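Colleague: In our numbering, the protein residues as written are 5 to 646. Backbone N, C-alpha and C define an ideal beta-carbon position, used for all residues, glycine too. Values in this document were obtained by computation on a predicted structure and should not be read as measured data.
1) If distances are taken between C-alpha atoms only, which option among 160, 168, 118, 62 comes closest to residue 38?
2) Tell me, which residues are paired with residue 357 by DSSP?
3) For residue 271, collect the residues of the same chain with a Cβ closer than 8 Å to its Cβ; drop the 5 residues on either side in sequence, then sort them by chain order.
4) Would the beta-carbon of residue 443 fall within 8 Å of that of residue 573?
5) With DSSP as the reference, please indicate the residues paired to residue 157 in a beta bridge.
6) How long is the line joining the alpha carbons of residue 99 and residue 566, rounded to whole angstroms?
7) Rounded to the nearest angstrom, how far is the Cβ of residue 17 from that of residue 406, given a contact under 8 Å?
8) Keeping to the same chain, check which residues put their C-beta closer than 6 Å to that of residue 516; ignore five residues upstream and five downstream.
9) So, residue 369 versus residue 230, is the Cβ gap smaller than 8 Å?
10) Whole angstroms is fine: what's the gap from residue 138's alpha carbon to residue 465's?
11) Where DSSP assigns a beta bridge to residue 47, which residues make up the other side?
12) For residue 471, count neighbouring C-beta atoms within 10 Å of its own C-beta (all shown protein chains included) and say buried if the count is 16 or more, exposed if not.
13) Please determine, among 528, 394, 413, 131, the residue with the shortest C-alpha to C-alpha distance to residue 147.
14) Rounding to the nearest angstrom, what Cα-Cα distance links residue 213 and residue 296 in this structure?
15) Apply the 10 Å Cβ neighbour rule to residue 72 and answer buried if 16 or more other Cβ atoms are within range, or exposed otherwise.
16) Taking only three categories from DSSP, how would you classify residue 15?
17) In chain order, which continuous runs of the beta strand (DSSP E) of length 3 or greater are located wholly inside the region 271-350?
18) If residue 286 and residue 321 are in contact, beta carbons under 8 Å, what's the gap, nearest whole angstrom?
19) Please say whether residue 495 and residue 460 have beta carbons closer to each other than 8 Å?
20) Mark residue 246 as exposed unless 16 or more other C-beta atoms lie within 10 angstroms of its C-beta, in which case mark it buried.
21) Could you check which residue in 313, 234, 397, 311 has the C-alpha nearest to that of residue 354?
22) For residue 314, which residues of its own chain have a beta-carbon under 8 Å away from its beta-carbon, when the five flanking residues on both sides are left out?
23) Helix, strand or coil: how does DSSP classify residue 388 here?
24) My understanding is that residue 611 touches residue 630, with C-beta atoms under 8 Å, so please give their C-beta distance in whole angstroms.
25) With 16 other CB atoms within 10 Å as the buried threshold, where does residue 395 fall?
26) Should residue 51 and residue 63 be called a contact, given that it needs their Cβ atoms to be closer than 8 Å?
27) In the DSSP assignment, the beta strand (DSSP E) including residue 498 goes from what residue to what residue?
28) Does the distance from the CB of residue 535 to the CB of residue 481 come in under 8 Å?
29) Could you tell me the distance, in whole angstroms, from the CA atom of residue 317 to the CA atom of residue 276?
30) To the nearest angstrom, how far is it from the Cα of residue 451 to the Cα of residue 462?
31) Taking 8 Å as the cut-off, decide whether the C-beta atoms of residue 48 and residue 20 are in contact.
32) Use the C-beta contact count for residue 153: other C-beta atoms within 10 angstroms, 16 or more gives buried, fewer gives exposed.
33) With a cut-off of 8 Å on the beta carbons, I'd call residue 441 and residue 473 a contact; round off their distance for me.
34) Using the Cα positions of residue 133 and residue 193, report the straight-line distance between them to the nearest angstrom.
35) Report the residue from 274, 324, 350 whose alpha carbon sits nearest the alpha carbon of residue 294.
36) How should residue 402 be labelled, buried or exposed, when 16 other C-beta atoms within 10 angstroms of its C-beta is the threshold for buried?
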């Protein structure tokens, strides 16, 4: 890998609930996790605004309990703020990276944004280009902030922490994102880094960064090829990746996950459980009281952590609501019970990942745990049982591993840092990418789980005589029918009138950051046009990806039948075109008898009517029978010309 960057470079784990920054120490030959001004290695991904100042990190999180009616704290707001939205004032607003991640790289009109904005206590409005903007009051003035700006504030805090530690400016960084972040979200993360004054050298996936950390920690680069399964269960996202590591090459084979599953969802289940207990015991509903809910959630988060090391824990909150001193307890068994469905979802993702990689459980050499929620004993037990009792790798710090790996990657990209080998990261694309072709067929250019960066080209042909324009529609998905997949974008290319079959070269390029560019070129004239898949159309979420992959399996037989029918129809179109032109040729026409010409004309008319009519209900066998008839007639023409 060529090194291009100069100066100090850091690795930043821009987490949903906590962020972490690390740097390669050249003299010591190791990675240093950098502590913040509170002495902690991880920093809350929180941003708060009030009439006097902006707060980021620990200071922002610490004020949440005292200003709950003016705060937003991650996914919690999605469940419990519905009844109190209208009464919230905006003198102070508290925003976490979880909220920003739900907006970053999306359009205001996106259904996900429209669904979530009804539940957020802060106001979101459409900005230029349909970009969602968060409205806040800061120092007495109304401000409009994008999700990129919120994330950039967390990144600027990370840069400040690194600069304090290094004693010099820090401008270069490798930033990590969930494996299923789409092109728009990755580019928006780069934009956030730019706003924060950082040159984002590379965006890499969190599980890949964790695998790098594990590889360096264990020195497995020197013991031959090993298959790693990285189980990354964080505060708000969940990823599973399978990598093959050999020497300095880290090759991602497959990746799967869920961008809306993590520790916050576990906390939410606990809050719901205790809310029901409060209703039962005291006959009151705290759902409409943000301050009570915030305090209860904080207690639940603390209890969750305690249950990782003990079998039971107490929850005690003085004056929780209407003078009630709430005191209760929860056992680890009950905790496991109320969260079992979430834990099972994690195992289903692991199983799907293995199936996609066409690997058996026994082929996995190491199972690496990453993310704070991977500490939960039941999660570890279920995962170990799934792999038939295989030991789990817990040697690397689950909260710091991602930043560690990002720091190694950052150092490898800097030309003035010595004593660190170049890394080769070979990631994959999570869904198949292709174009719309005649008959609504998905012309796959880059299959799912293809190694990136990658460049694929394919020659397509025009379908009409004197055609002057071709539309290139870019899709992602696993269905045979293009319109059943997700449309990413489209563009057109123009050229002079030409006979049917004129070549058009289509090229798909995915760079090392996972962003997609598509171009088309008329090979006759050299006319060219291209598109970069950005915010104009969003890529799919992890849930949509999983759904589409499962649907592809369910509808496999249906898709095979559709493909047969589409191919038969396309072949009929081709034969009609060729035979019509043959009848126009004087030499060929003179060699055919009157009866042969009549048979060919009759067949062309029947097929043309069939193709022009609404043929959705026509069985594929009918098209194939007509195709055989045309093939026979066409063979007669060829035999005459021979």
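Modeller: Taking the coordinates as given:
1) Taking the first residue of the chain shown as 1, we reach residue 38 at position 34. Of the candidates 160, 168, 118, 62, the one whose C-alpha sits nearest the C-alpha of residue 38 is 168.
2) Translated into positions along the chain shown, residue 357 becomes position 353. DSSP lists no partner for residue 357.
3) Sequence index remark: in the chain shown, residue 271 carries index 267 (1-based). So the qualifying residues of the chain are 80, 301, 304, 305, 308.
4) The residue you call residue 443 lines up with position 439 of the chain shown. The residue you call residue 573 lines up with position 569 of the chain shown. In contact: residue 443 and residue 573 (Cβ atoms closer than 8 Å).
5) Here residue 157 refers to the residue found at position 153 when the chain shown is read from its first residue. Looking at the DSSP assignment, residue 157 forms no beta bridge with any residue, so it has no partner.
6) Walking along the chain shown from the start, residue 99 turns up at place 95. Walking along the chain shown from the start, residue 566 turns up at place 562. In this prediction, residue 99 has a pLDDT of 48, which is less than 50 and means its spatial position is unreliable; what the coordinates show is noted afterwards. Rounded to the nearest angstrom, the two C-alpha atoms are 48 Å apart.
7) Here residue 17 refers to the residue found at position 13 of the chain shown. Here residue 406 refers to the residue found at position 402 of the chain shown. Right, their Cβ atoms sit about 4 Å apart.
8) Position 512 of the chain shown, counting from 1, holds the residue named residue 516. Counting only Cβ-Cβ distances below 6 Å, and skipping sequence neighbours, we find 457.
9) The residue you call residue 369 lines up with position 365 of the chain shown. The residue you call residue 230 lines up with position 226 of the chain shown. Yes, the Cβ-Cβ distance between residue 369 and residue 230 is below 8 Å.
10) The residue given as residue 138 occupies position 134 in the chain shown. The residue given as residue 465 occupies position 461 in the chain shown. Residue 138 and residue 465: Cα-Cα distance of roughly 47 Å.
11) Position 43 of the chain shown, counted from the start, is the residue given in the question as residue 47. Per DSSP, 23.
12) Counted from its first residue, the chain shown places residue 471 at position 467. Under this definition residue 471 is a buried residue.
13) Locating residue 147 in the chain shown gives position 143, where the first residue counts as 1. Measuring from the Cα of residue 147, the nearest candidate turns out to be 131.
14) Taking the chain shown and counting its residues from 1, the one referred to as residue 213 is at position 209. Taking the chain shown and counting its residues from 1, the one referred to as residue 296 is at position 292. Whole-angstrom Cα-Cα distance: 38 Å.
15) Translated into the one-based positions of the chain shown, residue 72 becomes position 68. Because the pLDDT at residue 72 is just 42, under 50, the model does not fix this residue reliably, and the value given afterwards should be weighed accordingly. With 16 or more other Cβ atoms within 10 Å, it is buried.
16) Locating residue 15 in the chain shown gives position 11, where the first residue counts as 1. Strand.
17) 316-325, 328-335
18) The residue you call residue 286 lines up with position 282 of the chain shown. The residue you call residue 321 lines up with position 317 of the chain shown. Their Cβ separation, rounded to whole angstroms, is 12 Å, which puts residue 286 and residue 321 out of contact at 8 Å.
19) Translated into the one-based positions of the chain shown, residue 460 becomes position 456. Translated into the one-based positions of the chain shown, residue 495 becomes position 491. No; because the gap between Cβ atoms is not below 8 Å, this pair is not in contact.
20) One-based indexing of the chain shown puts residue 246 at position 242. By the neighbour-count rule (16 or more Cβ atoms within 10 Å), residue 246 is buried.
21) In the chain shown, counting from the first residue as 1, residue 354 sits at position 350. Comparing Cα-Cα distances from residue 354 to each of 313, 234, 397, 311, the minimum goes to 234.
22) In the chain shown, the residue the question calls residue 314 occupies position 310. Answer for residue 314: 336, listed in chain order.
23) Reading the chain shown from its first residue, position 384 is the one you call residue 388. In the structure shown, residue 388 sits in a helix (DSSP, three-state: H, G or I).
24) For this step, residue 611 is matched to residue 607 along the chain shown. For this step, residue 630 is matched to residue 626 along the chain shown. At roughly 5 Å, the Cβ-Cβ gap stays under 8 Å, so residue 611 and residue 630 are in contact.
25) For this step, residue 395 is matched to residue 391 along the chain shown. Exposed, because fewer than 16 other Cβ atoms sit within 10 Å of the Cβ of residue 395.
26) Taking the chain shown and counting its residues from 1, one reaches residue 51 at position 47. Taking the chain shown and counting its residues from 1, one reaches residue 63 at position 59. No.
27) In the chain shown, counting from the first residue as 1, residue 498 sits at position 494. Here the beta strand (DSSP E) through residue 498 covers 490-502.
28) What you label residue 535 is simply residue 531 of the chain shown in a count that begins at 1. What you label residue 481 is simply residue 477 of the chain shown in a count that begins at 1. Contact flag unset, no.
29) Residue 317 sits at position 313 when you count from the first residue of the chain shown. Residue 276 sits at position 272 when you count from the first residue of the chain shown. Approximately 17 Å between the Cα atoms of the pair.
30) To locate residue 451, count along the chain shown from 1; it is residue 447. To locate residue 462, count along the chain shown from 1; it is residue 458. Rounded to whole angstroms, residue 451 to residue 462 spans 14 Å at the Cα level.
31) For the purposes of this step, residue 48 is identified with residue 44 of the chain shown, where counting begins at 1. For the purposes of this step, residue 20 is identified with residue 16 of the chain shown, where counting begins at 1. Not a contact, by the Cβ cut-off of 8 Å.
32) Here residue 153 refers to the residue found at position 149 when the chain shown is read from its first residue. Buried, because 16 or more other Cβ atoms sit within 10 Å of the Cβ of residue 153.
33) Along the chain shown, read from residue 1 onward, the residue named residue 441 stands at position 437. Along the chain shown, read from residue 1 onward, the residue named residue 473 stands at position 469. With a Cβ gap of about 16 Å, residue 441 and residue 473 do not count as contacting.
34) As a first step, residue 133 is located in the chain shown; it is residue number 129 there, counting from the start. As a first step, residue 193 is located in the chain shown; it is residue number 189 there, counting from the start. Each residue's Cα considered, the two are about 18 Å apart.
35) Translated into positions along the chain shown, residue 294 becomes position 290. Ranking the options by Cα distance to residue 294, first place goes to 324.
36) Counting from one through the chain shown, the residue named residue 402 turns up at place 398. Answer is buried; the Cβ neighbour count reaches 16.
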